[in-house]
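My numbering numbers the first residue of the sequence shown as 470 and each following residue consecutively.
Glycine included, each C-beta is placed from N, C-alpha and C at the ideal position.
Read through the structure below, which is laid out as structure tokens, and then see the notes.
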Amino acid sequence: MLPVIRTNNYFPSIFDEFFNDSPMRNYNQRVAVPKVNIAENENAWTIELASPGLEKDDFKIEVKDDVLTISNEKKEEKKEDGKNYMRREFSYCSFSRSFMLPELADSEKIDAAYHNGVLEVSIPKKEAEQKKDSRVISIR
């Protein structure tokens, strides 16, 4: 299993619901961290990161010191559309998720694809070394 490293320290406040119900509040400013599914089979681990509304070019995937980091720096565009919003929950904010790679992970062959709002990162496992037959070592 891949351990998850939390890179944000968001703790909900007891006042959040009170202030979120105010019509003066035009959008939700909480830090949004995409949810992930992590699956394993005999050949690889797969991380699925739910991220609707983003494009594949919005992501940065990096491996450093056996830590896989998926991040984005999406800037919310301010556009005047003439609407007077009573509540606005659609927003895009930057995020970063990090995962400690297992010893068996082949970090040189990690692959990623983005389809229908889900980023899928495939982390292949290194091939197990063939068991060697025992041999007798002669003494000189």
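8 Å CB neighbourhood of residue i in its chain, flanking five on each side removed
i	result
M493	Note that M493 scores a pLDDT of 45, beneath 50, so its modelled location is shaky; the value from the coordinates is reported in the next line. Excluding residues within five positions, none has a Cβ falling inside 8 Å.
L570	L471, V532, D535, V536, L537, S576, I592
Cβ-based burial, residue i [other Cβ within 10 Å; buried from 16]
i	result
R556	exposed
I606	exposed
N495	With a pLDDT of only 43 at N495, under the threshold of 50, the placement of this residue in the model should not be trusted; the figure read from the coordinates follows. Classification of N495: exposed, given that the 10 Å Cβ count is below 16.
A597	exposed
Cutoff 8 Å: residue i Cβ touching any chain D Cβ
i	result
P503	Here chain D cannot be found, since the structure has a single protein chain.
Under the three-state DSSP convention, the category residue i falls into
i	result
S576	helix
K525	helix
Y554	coil
I592	strand
P492	Because P492 carries a pLDDT of 47, less than 50, the predicted location of this residue cannot be relied on, and the following value inherits that uncertainty. Coil, per DSSP.
N506	strand
V605	coil
Close-in-space but distant-in-sequence residues of the same chain around residue i (CB under 7 Å, 5 per side omitted)
i	result
N506	E517
A519	P503, K504, G586, V587
Limits of the unbroken beta strand (DSSP E) element including residue i
i	result
L537	536 to 541
L518	513 to 519
F559	Element bounds for F559: n/a, residue is neither H nor E.
R566	564 to 569
Close Cβ partners of residue i (< 6 Å) along its chain, the five nearest in sequence each way excluded
i	result
K529	S540
P521	G586
Beta-bridge partners of residue i, as assigned by DSSP
i	result
I530	I539
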